[in-house]
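Written below as structure tokens is the structure these notes are about.
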Amino acid sequence: MAPGAINPQAPSARLVVTVRKARHADIPVMRRVEADAASIFAPSDLPPALAQPMAAAELARLIDGGLVWVAQDARGAALGFVACETVGRALHVVEMDVDPNAGRRGIGTTLLQQAIAQAEGADAIEVITLTTFDHLPWNAPFYGRHGFRRLVADGGFEHLRAALANESAHGLKDRVAMARKAA
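The opening residue of the sequence shown carries number 1 in full-length UniProt numbering; numbering runs sequentially from there.
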């Protein structure tokens with residue numbers, strides 16, 4: 001499939017997956033899923049130099065924080081993950097990726113629901129935040145269907161201001177900050 005193309009023939013039947021806490025042993029497959037997911041972006045959205053997976057050390061740090069989950073199929077194969085961290089009273093979605101071969105089958109929704117449930121069950125968390133592409137249907141519109149709203153600039157969240165500035169400095173365009181209440 002060409003970069004940036006979404007396969008209109010992609011299966012639409014939901015896949016049954018199990019979501020579990022990520023382990024350090026998952027890091028290599030998480031990095032592969034992230035790299036594969038990046039391959040569907042057009043170079044104008046995600047320049048090849050920026051399409052590298054997150055560093056293993058950063059994934060390890062996030063896993064150690066206890067807010068990273070992996071979706072796996074009945075055979076135990078990892079099909080996606082969501083990595084979050086707490087920033088003040090926010091649960092911030094750092095990264096969420098689904099293997100493109102399993103895309104459009106409910107895995108992203110299942111992972112996002114796990115993060116939302118985590119935030120709703122934590123008294124100290126008031127909001128869930130993220131940054132994403134504004135114009136791609138599997139980005140901002142997807143999150144919008146799950147209660148996230150586009151923020152004006154950074155919405156007053158310092159971590160979102162820093163994230164958007166870093167993304168812009170690295171050449172990413174059409175980025176937007178989004179948030180939803182945790183409860």
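C-beta atoms are modelled at their ideal positions from N, C-alpha and C, and glycine is treated no differently.
Would you grab the beta carbon distance between residue i and residue j for me? Rounded to a whole angstrom, and I think it's under 8 Å.
{"i": "residue 93", "j": "residue 128", "result": "7 Å"}
{"i": "residue 126", "j": "residue 161", "result": "Not a contact, Cβ separation roughly 18 Å."}
{"i": "residue 100", "j": "residue 37", "result": "6 Å"}
{"i": "residue 91", "j": "residue 119", "result": "4 Å"}
Check for me: the alpha helix (DSSP H) holding residue i runs from which residue to which?
{"i": "residue 20", "result": "That residue, residue 20, is in no alpha helix (DSSP H); its beta strand (DSSP E) goes 18-21."}
{"i": "residue 33", "result": "27-38"}
{"i": "residue 199", "result": "Nothing can be reported for residue 199: it is not among the residues displayed for the chain, which extend from 1 to 183."}
{"i": "residue 144", "result": "140-144"}
{"i": "residue 165", "result": "158-169"}
Does the separation of the CB atoms of residue i and residue j fall below 8 Å?
{"i": "residue 31", "j": "residue 48", "result": "no"}
{"i": "residue 111", "j": "residue 138", "result": "no"}
{"i": "residue 71", "j": "residue 19", "result": "yes"}
Would you call residue i buried or exposed, if buried means 16 or more other Cβ atoms sit within 10 Å of its Cβ?
{"i": "residue 16", "result": "exposed"}
{"i": "residue 64", "result": "exposed"}
{"i": "residue 13", "result": "exposed"}
{"i": "residue 34", "result": "buried"}
{"i": "residue 97", "result": "buried"}
{"i": "residue 123", "result": "exposed"}
{"i": "residue 2", "result": "Annotation note: pLDDT 41 at residue 2 (below 50); position unreliable, coordinate value reported separately. Exposed, by the Cβ-count rule."}
Considering residue i, what are the terminal residues of the beta strand (DSSP E) in which it resides?
{"i": "residue 92", "result": "90-98"}
The segment 127-137 in contact with the segment 163-183 per 3-pair CB rule at 8 Å: yes
Inter-stretch contact (C-beta, 8 Å, three-pair minimum) for the segment 83-101 and the segment 48-62: Here the segment 83-101 lies against the segment 48-62, with 3 or more beta-carbon pairs under 8 Å apart.
Touch test, the segment 36-48 against the segment 105-113, Cβ-Cβ under 8 Å, three pairs minimum: no
Given 8 Å, three or more beta-carbon pairs between the segment 140-147 and the segment 63-81: no
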